[in-house]
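A.B. asks: Numbering (UniProt numbering), first residue to last: 1 to 211.
We treat Cβ as the ideally placed atom computed from N, Cα and C, and that holds for glycine.
#1: Look up residue 62 in the DSSP assignment and give the residues it is bridged to.
#2: Could you give the DSSP three-state label for residue 1: helix, strand or coil?
#3: Do you know whose CA, among 158, 17 and 44, lies nearest residue 92's CA?
#4: In this structure, what does DSSP give as the bridge partners for residue 180?
#5: Which residues in the same chain as residue 219 place their Cβ atom closer than 8 angstroms to its Cβ, once the five residues preceding and following it in sequence are excluded?
#6: Count the other CB atoms, across all protein chains shown, that sit within 10 Å of the CB of residue 202; report buried if there are 16 or more and exposed otherwise.
#7: Using a threshold of 7 angstroms, state whether the C-beta atoms of residue 39 and residue 69 are closer than that.
#8: For residue 13, report the span of its alpha helix (DSSP H) as first-last.
#9: Apply the 10 Å Cβ neighbour rule to residue 88 and answer buried if 16 or more other Cβ atoms are within range, or exposed otherwise.
#10: Taking the alpha helix (DSSP H) that residue 32 belongs to, which residues open and close that run?
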């Protein structure tokens, strides 16, 4: 769409605003259509589905980079009969529309493939990834009398619970598990997988000692 049409400027240099993008793929028998129908179909599809935008008093312009589309809806004698009939049926969709078809060269018709040509953000490339894992002594190796006083004892943290949850492939469907702040909870309480034996033991030690 051009808000301020300037007839003195070339068509490809006008200030366009994108209103809507539409597209599709050919399927089944459509893949066997001749080129002339492949070129005509996008015009018919756009004019049919966007008719609510095109029913207007002023003339709207159809631009295409295929010169034969200018004469497409008045097929010559050289066009095969079945193609001629199909194009005539398609042309019925254009009845009532006030339009003109104008040719534009392919190298200047940038709006036709704007989605595929649109500049995307550059992809960040990572040369190497280094991970660090904090290890702690197993509860079984700690002092049985005073585990909290053991220098190797590591207090359980929220990050430990989240890490344990990530190692579980699935959660029992019977549990009303929801996610809060990146952590799975049941009834607003952190859910600790039963397989995280060491983490559960450390939590029990802290809870038993009232820490």
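C.D. replies: Judging by the given coordinates:
#1: 101
#2: coil
#3: 44
#4: 183
#5: No answer is possible for residue 219: it lies beyond the span of the chain, which begins at 1 and ends at 211.
#6: buried
#7: yes
#8: Looking at the DSSP string, residue 13 is not in any alpha helix (DSSP H), and its letter there is neither H nor E.
#9: exposed
#10: Residue 32 -> no alpha helix (DSSP H), and no H or E assigned at all.
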